[in-house]
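Contents: one structure, followed by commentary.
2 protein chains.
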Amino acid sequence: MSEAVWNVLADKGFGGLTLRAVAAEMGVSTGMLMHYFPAKRALIAHALDLLEKRTAERPRRERPAEGLATVRAMLLDILPLTADDTARNRIWVSSWDLALADDGLATDQADRYTRMRSALRPHLEAARGLGELPAAADPEQLAATAVAFTHGLVVQALFDPGRFPGDLQIAMLDGFLASLARPQRSGAPR
Amino acid sequence: MSEAVWNVLADKGFGGLTLRAVAAEMGVSTGMLMHYFPAKRALIAHALDLLEKRTAERPRRERPAEGLATVRAMLLDILPLTADDTARNRIWVSSWDLALADDGLATDQADRYTRMRSALRPHLEAARGLGELPAAADPEQLAATAVAFTHGLVVQALFDPGRFPGDLQIAMLDGFLASLARPQRSGAPR
Chain A
1 MSEAVWNVLA
11 DKGFGGLTLR
21 AVAAEMGVST
31 GMLMHYFPAK
41 RALIAHALDL
51 LEKRTAERPR
61 RERPAEGLAT
71 VRAMLLDILP
81 LTADDTARNR
91 IWVSSWDLAL
101 ADDGLATDQA
111 DRYTRMRSAL
121 RPHLEAARGL
131 GELPAAADPE
141 QLAATAVAFT
151 HGLVVQALFD
161 PGRFPGDLQI
171 AMLDGFLASL
181 ARPQRSGAPR
Chain B
1 MSEAVWNVLA
11 DKGFGGLTLR
21 AVAAEMGVST
31 GMLMHYFPAK
41 RALIAHALDL
51 LEKRTAERPR
61 RERPAEGLAT
71 VRAMLLDILP
81 LTADDTARNR
91 IWVSSWDLAL
101 ADDGLATDQA
111 DRYTRMRSAL
121 RPHLEAARGL
131 GELPAAADPE
141 QLAATAVAFT
151 HGLVVQALFD
161 PGRFPGDLQI
171 AMLDGFLASL
181 ARPQRSGAPR
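Here it is as structure tokens:
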């Protein structure tokens, strides 16, 4: 059943997640499915749990190094570089419509962003300590900037996969990280 | 009627856009509204047109300067710094669920991103010519990076406006632009 819910989400998003669509994907009757999901809300809750679970359990790159190399591995784990990564990202982006309209779900998403920034921050602090970032770098602000860049790239790549193949996404990430690593030039324009 | 559609979108997103919700917002019957929108699809088409129109007609900052100062003004015009900007961004992000599930709407969104990058690129080229960017900078890739950073910041700020007040969004944008402007350091980590 989870597989059917996932396939409907990857194809149609939360806007297309209905008992009828899941039943059709499973080849069962809508009535049979109502035994498990008596209301639309139960189906959505199952879908969101599934998304959290599959995100937590996704394969991740090794993080052997310190500093910016670790940040790079963490951000590569987010980008839609494989079919599975693309489906998961596509479902996350789709969930934002639902989440923005529901105070509880919006808080969950804000907390998720806080956790992402908190996970990146110690590695940005280490990068600063290693001299990979300017001494004046603010790890909390850079964590928010790195998450912003990565999620904005996810959205562009989802809409235009032909224009953003994996090697371009990786080159953009490396260019972004290299720009953070540059020493401050006096008189940068404001 | 457009005002009612806009208010429903800003509050509930495309997922909550129904004839019933718009009728309730207008204080009329759903039957009366079906005269204008015989099908849900007509209501969605009207909503998307309205979003395009209000985006095209939004007030914009003057663009007196060349190079990165112009890029800065263009990106500031995107960020959710006012209530109107916030509503418009919130509706755009909500529309992505719909757009990802519909080939025609997905192409429209990919084209919109192409236009955003094309609008930024000449100013990034000018910035390079002015010496504001490294000589090796790739304006097309930097345009995609700037759009990614800006839209990713939009999403984080929409979910957590208390954590991302306007002055922080502007500081993050200025930090991002300053990092692009730094001269390349040899041995930046990969």
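First to last, the protein sequences are chains A and B.
Quick note: UniProt numbering has the first sequence finishing at residue 190, numbered continuously throughout.
Quick note: UniProt numbering has the second sequence finishing at residue 190, numbered continuously throughout.
We treat Cβ as the ideally placed atom computed from N, Cα and C, and that holds for glycine.
Fair warning: this is a prediction, and the values are worked out from it, not measured in the lab.
- request: Using a cut-off of 7 Å between C-beta atoms, extract the partners of M1/A located in chain B.
  value: The premise fails here: M1/A is roughly 21 Å from chain B at the closest Cβ pair, so nothing lies under 7 Å.
Original post:
Should T70/B be labelled buried (16 or more other beta-carbon atoms within 10 Å of its own) or exposed?
Top reply: Result: buried.
If you draw a straight line from the alpha carbon of E3/B to that of K12/A, how long is it in whole angstroms? Taking the CA atoms as reference points, E3/B sits about 28 Å from K12/A.
Is the CB of G16/A under 7 Å away from at least one CB in chain B?
yes
Worksheet entry | Minimum C-alpha distance to R61/A - residue among R72/A, S179/A, E52/A | The residue with the shortest Cα to Cα distance from R61/A is R72/A.
Span of the alpha helix (DSSP H) around S29/B: It is not in any alpha helix (DSSP H) - S29/B carries neither H nor E in the DSSP assignment.
Beta carbon proximity, A110/B to chain A, threshold 7 Å
A110/B counts as touching chain A.
- Boundaries of the alpha helix (DSSP H) in which Y36/A is found, first to last residue: Where Y36/A is concerned, there is no enclosing alpha helix (DSSP H), given that its DSSP letter is neither H nor E.
- prompt: Run through DSSP, which three-state label would F164/B get?
  reply: F164/B: coil per DSSP, three-state reduction.
Item to check | Chain-ordered residues of the region 80-104 of chain B with a beta carbon less than 9 Å from chain A | outcome: R90, V93, S94, S95, W96, D97, L98, A99, L100, A101
Between the Cα of R90/B and the Cα atoms of L180/B, G175/B, F14/B, which residue gives the shortest distance? F14/B
- Message: At the 7 Å Cβ level, is V155/A part of the contact set with chain B, yes or no?
- Response: yes
key: Straight-line gap, F176/B to P38/A (C-alpha atoms, nearest Å)   = 48 Å
Q | Test: Y36/B CB closer than 7 Å to a CB of chain A | A | no
- Task: Determine the burial state of E52/A: buried for a count of at least 16 other Cβ atoms within 10 Å of its Cβ, exposed for fewer.
- Result: Exposed.
*CB S94/B to CB D97/A, shorter than 7 Å?*
yes
Open item on the list: With the cut-off set at 7 Å, would you say L105/A and A47/A are in Cβ contact?
Closed with: Contact: no.
**Asked** F149/B to A143/A, Cα distance in whole Å?
**Response** Near 12 Å, if we compare the C-alpha coordinates of A143/A and F149/B.
Report task. Determine the burial state of Y36/A: buried for a count of at least 16 other Cβ atoms within 10 Å of its Cβ, exposed for fewer. Result -> So Y36/A ends up on the exposed side.
**Report entry** 7 Å Cβ cutoff met for L75/B and G166/B
**Finding:** no
C-alpha distance - P161/A paired with D138/A, whole-angstrom precision: One C-alpha to the other measures close to 33 Å.
**OP:** Using a Cβ-Cβ cut-off of less than 7 Å, list which residues of the region 127-155 of chain A approach chain B; keep chain order.
**Re:** E132, Q141, A144, T145, V147, A148, F149, T150, H151, G152, L153, V155
Same chain only: Cβ atoms within 8 Å of L158/A, ignoring 5 sequence neighbours per side
P80, T86, N89, R90, V93
- Task: Assign R63/A to one of three DSSP states: helix, strand, or coil.
- Result: coil
With 16 other CB atoms within 10 Å as the buried threshold, where does E57/A fall?
exposed
- Message: Check whether chain A comes within 7 Å of A106/B, counting only Cβ atoms and requiring the distance to be less than that.
- Response: yes
* **G129/A and G152/B closer than 7 Å at C-beta** => no
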